[in-house]
Every structure is written in C-alpha cells, then in structure tokens.
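K.L.:
This structure is in structure tokens; I'll ask about it shortly.
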Amino acid sequence: MKGQYTKLFLIGNGFDRWQGLPTSYDNFRQYYFEHILEISKQLRIKTEVDKAGNIITPVEKIFGDIFNPKKLPGEFFWNFESSMALLDDQNIALYFGKSYKGVYQMQETLNAALEILRKVFGDWIKSISIEDKETGYRFDDSCYFINFNYTNTLEKRFQVDERNVNYIHGDFSDAESIVFGHSKHPEIAFPELMEQKFIHRIGGDKSKRLRELYLVENALYETDKHVQDNIDDLCEFMTLDGVHIEDITDIYVLGHSFGEPDFKYFEFLVKATQVGVDFNKLSALWQIRNIGIQNMSEAELLEWIQLNIMYTTLHRKTKLQKENISVPKEEMMEKALFGKTNVYTDGDGRVHKVEEAMQKAQDAVHKRFVMEQAARTKEVIEEFCILKQVKQLPGDCCSVLGAADYIDGGHDKRIQNAKWHISYFSDTDKEQIERVMRRVGCTDYKLYQSIDECIGTFRK
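Listed below in structure tokens is the structure:
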C-alpha cells in the first residue's frame, strides 16, 4: 500500500526569520524585559528591584546566581532551551537551607520561575503578527510538514493546507500545547529522594538535602522537551494523517539549527528512512528486553536505586562541569548513601572508584529512562490501536510505525534511503549540521546556502 506523501519538510526558526518575522531569541529577550514586571503581577508573583534598577523575579534567582541575582545575560536567551538545563542544584540547596521552611520556599520559587517562563514565552509567541504575503512558492499535497515553530507561516504565506502540517511543539493558538526546553533530563524525578525508600537511614538534615535534590530534579524534568514522547506522538499523528514513512523519498530541512535539544528527532528520522530499518528496534519497548532489569533481585534493585540517587547528587559535576561545593564530610551525599566518600561497593561486595561508580550510575539512569519510556510508548500504541479499531497486535510489535504497517496490511518496502536537502545560514551552521549528520551516520544529504536555493524546485 502506498501513501500520498513522498516529501517531508522539517521547519525550524530560521524559516520564519527568512520571512522577516521577529522570532529570534533576541526578540524574545527584548519581550521578556519589556513585559516581565507586568506578567509577574498578573501571576501574583513577588518581584524585587536590585541596585541597578533591574527587576528580579524567581527566574533570575533560579537560572542565575541565587546568592547575587542580577539581570539575566544575553547568553541565557540566545541559548534559551539549553540554558534551562543549567540549574545549579547545590547552590540553590545551600541558599534555601535545610529547614522544612527552606524546602517549602525552594519549591515555591522553582514553581514560580517555571510559571513565569511559560507565561512570557507563550505571550511572546501569540504577539507575533503574520501578514498574508505572496512568496512565489507552491507545495502540493505530496508534501508533509513537521513544523518545529509555533506560527502558522506555512498556511498564511505558502497556502499549505493545515491538514499537511504537524506542529510537533504546539502552536500559537493553544498556549497549553506549546513545548520548549532542553533534552538533558527526560527521566522522571526519582521519587525515592522524597519518600526515602530503599536508602540507608539518614538523619534529618541529610534527608532534607535529598528532598531538595528531588525538587531540582523535578524542575529539570518539567523543563525537558521529552523528545521521545514527541516522536511517538509524531508517528501516531503522521500515520493517522496518511503518511507512510516508507514512501518518503526526500527530506527538506529549512532554517533548523540542528541544536542538541532536537538531536534525537534527526537521529530517529535518519534511521526510520533507511533501507532495511526495523521500526520496532527504534522503540524503548524493544530496548527494555535487552537491558536486564525486569527480574532484578532485591539486592540488585537496591544497588540500582542507590546508583540512580548517586548520579542525581553529582548533577553539578556531570551536567554543569563544575566542582561540587565543599561541605563537611558528614554532609556529603556519597557518605549519606553509601557510608564512604571515595569508593562505592556494589551488590557483590566489589569496590569501585568514584569514576567507575559514576559510569555505573549513568548506566542505571539510562535504564530507568528506558523503563519509563517503554511504559509511555506502550500507552501510545494502545491508543493508536483503539483509534484504528484493532484489538490485538503481534507479540513482537513494539512501535507505532510497526503497528501501522501491520494494521494497513503492509506498506511498500523502501528501496533506497531518503535524500536530505538542508539549508544553512552561516559557516558555523554548516559545520554544526555536518557534525550532526556524521553523528547519526547519514551520508545521503546535500547542503544549500539559503532556503531559496534549497526549495528552488518548488517555485511557481
């Protein structure tokens, strides 16, 4: 069975900027400073004014230096999504202290910071006005668009039918649908940090430190894009829209930065559009069969949980590349969890150095994410089957694309890899694109110095 779509377009922020729209992160920075006081008042969130006359909100405290909050630097906005992963957990915990009141205030401040950012970002998107304008390009119904932007530029200026557009990160008309953030913390905040389960008995001060860590972990989870979830949803919606990924012969990437927060999208699409791909092997449901975690003993489970918590406690070093803040030995998380400061003893009694333990901890965190993702992927597949009125799938079906192939009675097999056509703006962009394409193992691509050149064949 063959679908109608043969061309896939990935639309990035550079596309709107090519159309002269004020959608750069510098535009967002200006909007933020012009409206932050007004929006904070709307949300009834307390603000302060520093000696230089700058408005200080919970955003400046959480994402800046909490001991000396100042006006956020331009870099925070220019790398806005990645910046949201740079919470300094130890600094934040030290600032709020170890009392129950401090833990409560920390939670309130984190929540307020995220609420402000969501509100400002959503309002900024809605403020962007797009006038109708003839562009001289035409895209027929063989073209399907994955729009990473929130604007309806495609419909207003290129007469693209809205049925052919998927807003993967939401759109301006629905503030609740808007997705933005980093891709560094897709794991759910580890509940044992709050519940104190499976941890050696810890005194009051240390237990509060763990609760503080949970709050930061949860904030990082809340600001993650959850790319794998979006990929599952994308596969479901594309299939329901009649897109057969096997039929896509050409992929056009217009105005995309190929930044780290969106890397997984490109990795997935490259793999999914190659000859001989097994869609099921791209799924967390398939991976979970190969990570040996379902049948752990109690001792192995305890070790796995401890390793997850150990990785959390060293966030400052692993994610921020900053040395851990020096605290008295009895306060150190490694001592609180393992009873030692420089070594780690596993379930078999083997002693590891901290570096080796950190690798084990990182592996444990990855396993946890795969487990969580597998459960969510399963829910999407079940939802898809309900929509398609299918009661049962083959036991080896682990992905939405695999399910679609089965339900439709078999899609046409791919006979060649999809060809990628990618626009770039600067030499720096070009180098970044080349790095990403090497990293995902794609050689079937061509680079164009402008969007006009990249889509020249679509001129009227």
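Mapped onto the UniProt record's numbering, the consecutive letters of the sequence shown carry residue numbers 1 to 460.
Note that CB positions come from ideal geometry on N, CA and C, so glycine has one too.
Values in this document were obtained by computation on a predicted structure and should not be read as measured data.
1) My parser needs the beta strand (DSSP E) runs of 3 or more residues fully inside the segment 117-176; what are they?
2) Starting from residue 471, trace the alpha helix (DSSP H) in both directions and tell me its first and last residue.
3) Going by DSSP, name the residue or residues bridged to residue 182.
4) Here's the rule I'm using: 16 or more other beta-carbon atoms within 10 Å means buried, otherwise exposed. How should residue 9 be labelled?
5) Return the first residue and the last residue of the beta strand (DSSP E) that residue 36 is part of.
6) Measuring only the C-alpha atoms, how far is residue 157 from residue 149?
7) So, with DSSP's three-state summary, where would you put residue 67?
8) Under 8 Å Cβ to Cβ from residue 424, same chain only, skipping five residues before and after it: list those, please.
9) Here's the rule: buried if 16 or more other CB atoms are within 10 angstroms of the residue's CB, otherwise exposed. What is residue 239?
10) Considering residue 401, what are the terminal residues of the alpha helix (DSSP H) in which it resides?
11) Does the distance from the CB of residue 151 to the CB of residue 113 come in under 9 Å?
12) Flag this pair as yes or no: are the beta carbons of residue 252 and residue 231 separated by less than 9 Å?
13) Alpha carbon to alpha carbon, what distance is there between residue 171 and residue 124?
14) Going by DSSP, what residues sit across from residue 446 in a beta bridge?
15) How far does the beta strand (DSSP E) with residue 250 in it reach, from first residue to last?
16) Around the C-beta of residue 234, are 16 or more other C-beta atoms found within 10 angstroms, so that it is buried, or is it exposed?
17) Count the C-beta pairs between the segment 261-276 and the segment 409-418 that are closer than 8 Å, then say yes if the count reaches three, no if not.
18) Please classify residue 399 as buried or exposed, where buried requires at least 16 neighbouring CB atoms within 10 angstroms.
19) Going along the chain, which residues of its own chain have a beta-carbon closer than 6 Å to the beta-carbon of residue 284, five neighbours each way excluded?
20) Residue 365 to residue 136, Cα distance in whole Å?
21) Taking only three categories from DSSP, how would you classify residue 264?
22) Could you tell me if residue 160 is buried or exposed, where buried requires 16 or more neighbouring beta carbons within 10 angstroms of its beta carbon?
23) Terminal residues of the continuous beta strand (DSSP E) containing residue 484?
P.N.:
According to the structure shown:
1) 143-147, 165-167
2) In the structure as shown, the chain begins at 1 and stops at 460. Residue 471 is therefore absent and cannot be evaluated.
3) Working through the sequence shown from its first residue, we reach residue 182 at position 182. Per DSSP, 224.
4) For the purposes of this step, residue 9 is taken as the residue at position 9 of the sequence shown. Burial call: buried.
5) Translated into positions along the sequence shown, residue 36 becomes position 36. Run containing residue 36: none in the beta strand (DSSP E); it sits in the alpha helix (DSSP H), 25-42.
6) Position 157 of the sequence shown, counted from the start, is the residue given in the question as residue 157. Position 149 of the sequence shown, counted from the start, is the residue given in the question as residue 149. If you take the alpha carbons of residue 157 and residue 149, they lie about 15 Å apart.
7) The residue you call residue 67 lines up with position 67 of the sequence shown. Here residue 67 sits in coil by DSSP.
8) Taking the first residue of the sequence shown as position 1, residue 424 is located at position 424. So the list reads 430, 433, 447, 448, 449, once near-sequence residues are dropped.
9) Stepping through the sequence shown from its first residue, residue 239 is reached at position 239. By the neighbour-count rule (16 or more Cβ atoms within 10 Å), residue 239 is buried.
10) Residue mapping note: residue 401 aligns to position 401 of the sequence shown, counting from 1. Element bounds for residue 401: 400-407.
11) Here residue 151 refers to the residue found at position 151 of the sequence shown. Here residue 113 refers to the residue found at position 113 of the sequence shown. Contact flag unset, no.
12) The residue labelled residue 252 in the question sits at position 252 within the sequence shown. The residue labelled residue 231 in the question sits at position 231 within the sequence shown. No, the pair does not count as a contact, with Cβ atoms beyond the cut-off.
13) As a working note, residue 124 is residue 124 in the sequence shown. As a working note, residue 171 is residue 171 in the sequence shown. Cα to Cα, the separation comes out at about 12 Å.
14) Locating residue 446 in the sequence shown gives position 446, counting from the first residue. In DSSP, residue 446 forms a bridge with 421.
15) Here residue 250 refers to the residue found at position 250 when the sequence shown is read from its first residue. Counting along the chain, the beta strand (DSSP E) containing residue 250 begins and ends at 250-254.
16) Position 234 of the sequence shown, counted from the start, is the residue given in the question as residue 234. That one is buried.
17) yes
18) Reading the sequence shown from its first residue, position 399 is the one you call residue 399. Residue 399 comes out buried.
19) Taking the first residue of the sequence shown as 1, we reach residue 284 at position 284. Answer for residue 284: 370, 373, 374, 377, listed in chain order.
20) Taking the sequence shown and counting its residues from 1, one reaches residue 365 at position 365. Taking the sequence shown and counting its residues from 1, one reaches residue 136 at position 136. So the two alpha carbons sit approximately 50 Å from each other.
21) Residue numbering aside, residue 264 sits at position 264 when the sequence shown is read from its first letter. Residue state, collapsed to three classes: helix.
22) Counting from one through the sequence shown, the residue named residue 160 turns up at place 160. Its Cβ being crowded by 16 or more others within 10 Å, residue 160 is buried.
23) The displayed coordinates of the chain run from 1 to 460. Any statement about residue 484 would go beyond what the structure contains.
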